[in-house]
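Have a look at the structure below before the remarks.
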Amino acid sequence: MTITRKQFLMFAAASLAGAAGAKVVSGAEVVRQIGKNDGKRWAMAVDFQKCRWDQGCTQCSAACNRTHNVPDIPNKAQEVKWIWKEKYQTVFRQESEVVNPALTSHPLSLLCNHCSKPACTKVCPTGATWKREEDGVVMMDWHRCIGCRYCMAACPYGSRSFNFVDPRPYVANVNPEFPTRTRGVVEKCNFCEERLAKGQMPVCVENCSERALTFGDQNDANSDIRRLLASRYAIQRQPELGTGPAIYYLI
Amino acid sequence: MRDRILIFGGVAIFLVLFTYPVWHARAASTRANPPKLQLPADAKECVAPISSMRAAHMQLLIDWRENAVRNGVRRVHASNGKGYDASLTRTCLGCHSRSEFCDKCHSYSGVSTPSCWQCHNESKLISGRAQ
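Those protein sequences? They're chains G and A, same order as listed.
For what it's worth, the working numbering labels the leading residue of the first sequence as 39, then goes sequentially.
For what it's worth, the working numbering labels the leading residue of the second sequence as 2, then goes sequentially.
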């Protein structure tokens, strides 16, 4: 069978049109996917003016450590952290120059940022950590963690800790409702996903008597956190990295 | 073939000695003692029939685990129509004792104890600790 030049061109044009049509369909699929996943987005605001870390208050971290059996390991090189304090200058180096100097000596609460585009989940070789699409919580499956610590290297916020030793001896009173971890596993703040499942607030938020921590759905325009973010000046840690942190600091 | 007697005699003696434990146990009709498992005092039925628990309890635990941790399904509907928390500590150890149930059978069968307990709490141990 011979094919004329005209037939060849018509066939090529028809094929191209077909391929373009297929692309349009898959584009629509992408839009549908985003629409489906664009539900809740849990976020937290830390109010600098109210936080009393500087006066030795540890209500949030103590409650978290108690609830999640976070070990208290004296060796700083091996410590495990879910919510902890750090000096302002250490965290917001560049922003230190422009904010109220009174605040720059104030320590602030750090925890997992539950990023909208988390670097840690991309590098995990076993799928042990992932972002939950329905509410944005960066989850961990300790059963699958092999302790390679790629996620720790990828996280720009130092939010992940490795269990260099068996943590159990360092947990003073084990909360039987929550598992401990084992040696060789990475752990981090889970945004209290076990409490969110029961409709409760994260334990740090609930235990802060100063109400310095506000938790809510940042996709809900009527939520407390959206009102706070609309009315106060808020900064995120290293937003230029494009990770989209869900922890906001109100200064 | 002058050593035929020595060779076959030697092989026969070896076989007799080698299989001694088997035929001696048969002859004396001794049996290994199966473990005496402590059954829960206050519960009459398990989340699945005994036969399927015996055969596939680890698969059930894995299914519960994957669903609870990865899909957020923390409540399971068992074959008896009842609902249970998909929790090793709360549901399984709520009735059974690790040392008197899980460990006894695993050690009798020569199946290594899985690493569950490195992280998961044993309710009884912990209540004992708290006292």
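Don't be surprised by glycine CBs; every beta carbon is placed ideally from N, CA and C.
Note that the structure is a prediction, hence the values are computed from the model and not measured.
query: Residues from the segment 221-250 of chain G in contact with chain A, defined by Cβ distance under 7 Å; result: A235
query: Min CB distance V108 (chain G) to chain A below 8 Å; result: no
query: Within-8 Å CB hit, H152 (chain G) to chain A; result: no
query: Of the listed residues G:L234, G:L141, G:R187, G:R198, nearest to R170 (chain G) (C-alpha basis); result: G:L234
query: Anticipated Cβ contact below 8 Å, E123 (chain A) with L38 (chain A), distance rounded; result: Actually they do not touch by this definition, with Cβ atoms about 16 Å apart.
query: Inter-residue Cα distance where the pair is Q127 (chain G) and A140 (chain G); result: 12 Å
query: CB contact flag (R182 (chain G), D204 (chain G), <8 Å); result: no
query: Residue from A:G95, A:V70, A:H78 with nearest C-alpha to G165 (chain G); result: A:V70
query: Distance between H107 (chain A) and L40 (chain A) (C-alpha atoms, nearest Å); result: 15 Å
query: Where V77 (chain A) sits in the DSSP three-state scheme; result: strand
query: First through last residue of the alpha helix (DSSP H) which encompasses D262 (chain G); result: 262-269
query: Beta-carbon proximity check, F216 (chain G) vs W80 (chain G), cutoff 8 Å; result: no
query: Beta strand (DSSP E) segment containing M178 (chain G), residue limits; result: 176-178
query: Where A66 (chain G) falls, given that 16 or more other Cβ within 10 Å makes a residue buried; result: Here the model assigns A66 (chain G) a pLDDT of 49, short of 50, so the residue's position is not dependable, and the following value carries that caveat. That one is exposed.
query: Member of A:S30, A:R32, A:L89 whose CA lies at the smallest distance from the CA of V48 (chain A); result: A:L89
query: Residue-level contact to chain A via CB, V255 (chain G), 8 Å cutoff; result: For clarity, residue 255 (chain G) is Asp in the given sequence; the question names Val instead. Closer than 8 Å: no.
query: Distance, R55 (chain A) Cα to P163 (chain G) Cα; result: 34 Å
query: Cβ-based burial, S99 (chain G) [other Cβ within 10 Å; buried from 16]; result: buried
query: Three CB pairs or more closer than 8 Å across the segment 145-154 of chain G and the segment 115-122 of chain G; result: yes
query: Minimum Cβ-Cβ distance from T105 (chain G) to chain A less than 8 Å; result: no
query: Best match in G:H152, G:A83, G:F130 for proximity to T142 (chain G) [C-alpha to C-alpha]; result: G:F130
query: CB contact below 8 Å: H144 (chain G) versus chain A; result: no
query: Under 7 Å by beta carbon: chain G residues contacting R99 (chain A); result: Per Cβ cutoff of 7 Å: no residues; R99 (chain A) is ~13 Å from chain G at best.
query: Residue burial classification, S52 (chain A) (beta-carbon count within 10 angstroms, cutoff 16); result: exposed
query: Three-way DSSP call (helix, strand, coil) for L288 (chain G) in this model; result: strand
query: Cutoff 8 Å: R219 (chain G) Cβ touching any chain A Cβ; result: yes
query: Under 7 Å by beta carbon: chain G residues contacting C120 (chain A); result: W180, P217, T218, R219, T220
query: Any 3 or more C-beta pairs closer than 8 Å across the segment 267-279 of chain G and the segment 189-199 of chain G; result: yes
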